[in-house]
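Engineer: Just dropping this structure here.
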Amino acid sequence: MTDQDFEMTPAAGNGLMERRGFLRAGLAGGIAMLVAAPATADRPAWTKTPGTAMNGYGSPSRFETDVQRVGIGSLPGTVGTGASRTPLEQLSGTITPSGLHFERHHNGIPDIDPDRHQLIIHGLVERPLSFSLETLARYPMTSRIQFLECSGNSGALLAPTPAKRTCSQLHGLIAASEWTGVPLGVLLDEAGVKPEARWLVAEGADAAMMSRSVPLSKAFDDALIALYQNGERIRPSNGYPMRLFLPGWEGNMSVKWLHRIKVTSTPAMTKDETSKYSDLQPDGTAKLFTFPMGVKSVITNPSGGLHMSKPGLYQITGLAWSGAGRINRVEVSADGGKSWATAALEEPVLTKNLTRFRTAWRWNGAPATLMSRAVDEHGSQQPTRDSLIAERSRGFFYHYNAIQAWRITRSGEVENVYA
Amino acid sequence: MFTPDRWLGTAFCFIVCTSAATGTWAGEGPSLGVELSVDEVAAVDITVMPDGEGLPAGSGNAKAGTSVYVANCMACHGEKGVGGVNDTLVGGHGTLTSDRPQKTIGSYWPYATTLFDYVRRAMPYQTPGSLENNELYAVTAYLLHLNGIIEEDKILNAETLPEIEMPNRDNFVWAYSP
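Protein sequence lines, in the order shown, are assigned to chains A and B.
Residues in the first sequence are numbered consecutively from 1237, following my numbering.
Residues in the second sequence are numbered consecutively from 786, following my numbering.
Written as structure tokens, this is what we have:
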């Protein structure tokens, strides 16, 4: 297979190709490989002996054991107060395997007996109610494929000099799952929300009893009491046996191990929503309740720490998302932002979910800088790092959604840069 | 609060799918929640609101809180709330507009009730939920005193704690209004 096999037209500078051309190229490549497959009597060993037996719960190939959550860190003197990150550059598609979904815990993962776990709804309601897991199983459920992103994701890119980190180390506090559960509005309706109610305060049954205030409007809009993740019961690291799921909003609010909801007229001003997840402005004021995650994209391949073996045709791929809705467009640059080509978006493009984008690139072997930028259905555009930082104070850590640049050196090393 | 129209807009798929399948549910649950008594709710409700709602009986001052802090908090947060391996709790006044803002209880937190609420639910780290109410009021008073917000002998209880005006309270603005 040579470059002459491809009839592609340039889409932007420094080798970005028109995307229909890439689809033709992919087809041609497949055919070429098919023809090249040797017919031989020397069968591989695994075709000459029976395979192993069935088993109760599958696991990845023994050759894939390096695919692990990364950047696992906990505060001094603790093991469960910190985060682990989704290995973005080792995955494809848009669904994150449950065992690789990022984690952010405040005092470890509780070992909850589902038979003793209750969800209590009280406060400004006509009838305070308690629901067992068994009870909730009889309620109408709905499924949504949507992302969850920690508000602190990508915050390391605020550092004055670019850290030599991988895509997942920098951006891995994001994942997408099929979440299945009971719409919270159904349960609130049963309890009978009083007219003066405006908020609810959600609390987890972990050792930190993590607590956040949530506007009641969100609860009735698209909030779920999620019981399943990717078809199976939510795993302990994601809130077993149930969690709050608030599509598109900062992950900290989707309280894991949910066991209590208090309906209130005002927010409780919990530790997390005041002292942590608030946004300090240059004038010393701070914004409370900056809930939605902004429009964002990142190229996952090629990305920091990966190696390009030689010049030639490559696929650039990555993920884009917006807490406000669907992704409308993703553009990719191979010349540090001088010119941009529109990337192909893989269907389905779902609201508040990860969208996979792909485009073709012929690397000529010279140093190059790759970037992606996304626009959502409301016209919100992903900002440049310079413009984001210009508007921020040094103490504004959360909601970093600026354009990521990856520099490819002449030897094919890929590294995080500011461009 | 939860009208049929609103339901239609928010969970349309559910209505279509389930009503077609069962012909019974139209966005309503089977009403299986078990009603709780006032006492049953009170036994689990630990939320403290900024106006003091939810604060329990009991009291304490900074003097009494010193020993609570030394025994339960100092290992991670350092002597007098500074220099520990985890969050610095004291100081940072006047740094919020600087290149190195220090967001401590005294320099940043808008409500004193938050401190009581958080310590009761999440601290001490190794044994959360182990402090008595008097100890919680006392250690809250100690941390507020270290930050220069109250006098050492000021008694904190359900009435006096929500009256405390935190220095940075007026610098918080809501980005969301219900």
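Note that the Cβ used here is the ideal one computed from N, Cα and C, for glycine as well.
In this text the structure is predicted, and so the values were computed from the model without any measurement.
#1: Would you mind stating whether glutamate 1317/A and arginine 1305/A have Cβ atoms separated by less than 8 angstroms?
#2: Which residues in the same chain have their Cβ closer than 6 angstroms to the Cβ of leucine 1480/A, if we skip the five residues on either side of it in sequence?
#3: Is the shortest distance between the beta-carbon of valine 867/B and the beta-carbons of chain A less than 8 angstroms?
#4: Give me the subset of the stretch 845-856 of chain B whose CB atoms are less than 9 angstroms from a CB atom of chain A, sorted by chain position.
#5: With 16 other CB atoms within 10 Å as the buried threshold, where does histidine 1407/A fall?
#6: Using DSSP with H/G/I as helix, E/B as strand and the rest coil, what is isoleucine 831/B?
#7: Cβ of glutamate 820/B within 8 angstroms of Cβ of proline 1364/A?
#8: Using a Cβ cut-off of 7 angstroms, pull out every chain B residue sitting near threonine 1725/A, in sequence order please.
#9: Return the residue from the list Thr1502/A, Arg1562/A, Thr1288/A, Ser1539/A that minimises the CA-CA distance to glutamine 1640/A.
#10: Between glycine 818/B and chain E, is any beta-carbon pair separated by less than 8 angstroms?
#11: Excluding the 5 residues preceding and the 5 following glutamate 1649/A in the sequence, name in chain order all residues of the same chain whose CB lies nearer than 7 angstroms to its CB.
#12: According to DSSP, leucine 1581/A sits in a beta bridge with which residue or residues?
#13: Glycine 879/B: buried (16+ other C-beta within 10 angstroms of its C-beta) or exposed?
#14: Please state whether DSSP places proline 947/B in a helix, a strand or coil.
#15: Give me, in chain order, the residues of the same chain whose beta-carbon lies closer than 6 angstroms to that of serine 1366/A; leave out the 5 immediate sequence neighbours on both sides.
#16: How about the stretch 1608-1623 of chain A and the stretch 1559-1566 of chain A: do they share at least three Cβ pairs that are nearer than 8 angstroms?
#17: Look at the alpha carbon of valine 1534/A and the alpha carbon of leucine 921/B, and state the distance between them as a whole number of angstroms.
#18: Along chain A, which residues have their Cβ under 9 angstroms away from the Cβ of threonine 969/B?
#19: Which residues in the same chain as arginine 954/B place their Cβ atom closer than 6 angstroms to its Cβ, once the five residues preceding and following it in sequence are excluded?
#20: Give a yes or no on contact between the stretch 1322-1335 of chain A and the stretch 871-890 of chain B, applying the rule of three or more CB pairs nearer than 8 angstroms.
#21: For the candidate residues Thr1605/A, Trp1599/A, Ile1497/A, Ala1319/A, whose alpha-carbon lies nearest to that of leucine 1424/A?
#22: Mind checking if proline 1556/A is an interface residue toward chain B, Cβ cutoff 8 angstroms exclusive?
#23: Counting only runs that start and end within the stretch 1429-1498 of chain A, where is the alpha helix (DSSP H) found for 4 or more residues in a row?
#24: Check the DSSP bridge columns for lysine 1523/A and list the partner residues they point to.
#25: Does the beta-carbon distance from proline 952/B to glycine 891/B come in below 8 angstroms?
#26: Does the pairing of the stretch 1599-1611 of chain A with the stretch 1572-1589 of chain A give three or more beta-carbon distances under 8 angstroms?
#27: With 16 other CB atoms within 10 Å as the buried threshold, where does aspartate 1442/A fall?
#28: Helix, strand or coil for serine 844/B, going by three-state DSSP, please let me know.
#29: Please decide whether serine 1514/A counts as near chain B, where near means a Cβ-Cβ distance under 8 angstroms.
#30: Does the Cβ-Cβ distance between valine 1667/A and glycine 1417/A come in under 8 angstroms?
#31: When you compare only the Cα positions, how much space is there between glutamine 1405/A and leucine 1324/A?
#32: Using a Cβ cut-off of 9 angstroms, pull out every chain A residue sitting near tryptophan 925/B, in sequence order please.
#33: Please name the residue in Glu1582/A, Phe1527/A, Phe1593/A whose C-alpha comes closest to that of isoleucine 1552/A.
#34: Where does the unbroken alpha helix (DSSP H) through glutamate 1414/A begin, and where does it stop?
#35: Name the chain B residues whose beta carbon is nearer than 9 angstroms to that of phenylalanine 1525/A?
#36: Figure out for me which residue from Ala828/B, Tyr854/B, Glu825/B has the closest Cα to the Cα of histidine 930/B.
Structural biologist: Taking the structure as given:
#1: Inspection of the sequence shows that residue 1317/A is occupied by threonine rather than by glutamate. No, Cβ-Cβ distance for threonine 1317/A and arginine 1305/A is not below 8 angstroms.
#2: Ala1438, Ser1490, Val1491, Leu1494
#3: no
#4: none
#5: buried
#6: coil
#7: yes
#8: Any question about residue 1725/A goes unanswered here, given that chain A covers just 1237 to 1655.
#9: Of the listed residues, the one whose Cα sits closest to glutamine 1640/A is Ser1539/A.
#10: Absent here is chain E; the protein component of the structure consists of chains A and B.
#11: Closer than 7 angstroms at Cβ, skipping near neighbours: His1543.
#12: Phe1593/A
#13: exposed
#14: helix
#15: Gln1354, Ile1356
#16: As far as the Cβ criterion goes, the stretch 1608-1623 of chain A touches the stretch 1559-1566 of chain A, which means the pair count is three or higher.
#17: 45 angstroms
#18: Residue 969/B falls outside the range modelled here, since chain B spans only 786 to 963, and no answer is possible.
#19: Pro895
#20: no
#21: Of the listed residues, the one whose Cα sits closest to leucine 1424/A is Ile1497/A.
#22: In the sequence as presented, proline is not what sits at residue 1556/A; that position holds alanine. No, alanine 1556/A does not count as interfacial toward chain B.
#23: 1452-1457
#24: Asp1515/A, Val958/B
#25: yes
#26: yes
#27: buried
#28: In the structure shown, serine 844/B falls within a coil segment according to DSSP collapsed to helix, strand and coil.
#29: yes
#30: For chain A, the structure presents residues 1237 to 1655; residue 1667/A sits outside this window and is missing.
#31: Take the alpha-carbon of glutamine 1405/A and the one of leucine 1324/A: they are about 9 angstroms apart.
#32: Tryptophan is not the amino acid found at residue 925/B; the sequence shown has threonine there. Those do not exist, as threonine 925/B stays about 13 angstroms from chain A at its closest Cβ, beyond 9 angstroms.
#33: Phe1593/A
#34: Counting along the chain, glutamate 1414/A falls outside any alpha helix (DSSP H), though it belongs to the beta strand (DSSP E) covering 1410-1419.
#35: Trp959, Ala960, Tyr961, Ser962
#36: Tyr854/B
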